[in-house]
Every structure is written in C-alpha cells, then in structure tokens.
Amino acid sequence: MKKPLLILVVDDDDDNQVLAVQILKLLDYACISASDGYMALELSHRYHPDLILLDIAMPDLSGLEVVHRLKTNLVTASIPVIALTAMAMVGDRELALAAGFDEYLAKPYSVEQLETTIQQTLASFSSPVVERC
372 MKKPLLILVV
382 DDDDDNQVLA
392 VQILKLLDYA
402 CISASDGYMA
412 LELSHRYHPD
422 LILLDIAMPD
432 LSGLEVVHRL
442 KTNLVTASIP
452 VIALTAMAMV
462 GDRELALAAG
472 FDEYLAKPYS
482 VEQLETTIQQ
492 TLASFSSPVV
502 ERC
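Quick note: the sequence shown uses the working numbering, first residue 372, plus one each step.
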C-alpha cells in the first residue's frame, strides 16, 4: 500500500484550518497543521511535507514572509507551496506568485478546486525538467 502524501496546512483561523484538514483527509492525504508562521517553519523542517497550503494574512509572521524563508532555505526550497487565502483582489495572485508561492487558491474554494490545484501543483514538481542543448 502506498503511503499517503503529507500536506502541511497553515492557517491562523481555526475553522479554516479544520475545514482544509478534513477535506484533505477525505481526499486521502495525510495532514499536519500549524496556526502560525513560526510553527509552519518548524514543522516544514521537521517533517518535510510533500506540499504546503499556506494562508497569507497571518499575525506575527505573514505567509509572504514564511514562503520567502521556505524558498531561500536549502532544506525546504523544493517543497511546493500553495497560497490558500481570502486575498482575492485584482493583483493578489500575481503578488503571491512573485513572492515565491507556486500556486494560488482564493477562499472560499470548492473541494474540486482544491483537489485540482493540489494535483496540478504536485504534477508540476514531479515532472522532470528537460533541457535543450
């Protein structure tokens, strides 16, 4: 039996965090969660999850700062990070991607949107890069 992929859910809102974890469990993912950026960094180093769902607007250490620290650290730089956020204004997606997020999903989202975004992001990280000579 194949081991389920591990996803770290980071959200300071308990309801949003619990909802995401429950959906991911229904989709057969293993989950760990953090309620702040500092805990997210610690769990990322300790467990090296297959993917991180990260809220942007969090107190103390924003998701933008967390993704910057993850992507500039050799231990965690290869972990795909999806912004899962209520920031859904024009330009927010571009801001998140420019900050280092690999994908962006605005709240509220459907189960299908979450599943598709996760699958596409994981597929883009597992595909070999072919360089042309």
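For every residue, glycine included, the Cβ atom is placed at its ideal position computed from N, Cα and C.
The structure displayed is predicted, hence computed values, not measured ones.
Under the 8 Å Cβ criterion, the segment 428-441 counts as touching the segment 398-407, having at least three qualifying pairs. In the DSSP secondary-structure assignment, S404 is bridged to V380.
For A457, the three-state secondary structure derived from DSSP is coil. With respect to the 9 Å criterion, L379 and L424 are classified as neighbours on the basis of their beta carbons.
Within 10 angstroms of the beta-carbon of L412 lie 16 or more other beta-carbons, which makes it buried.
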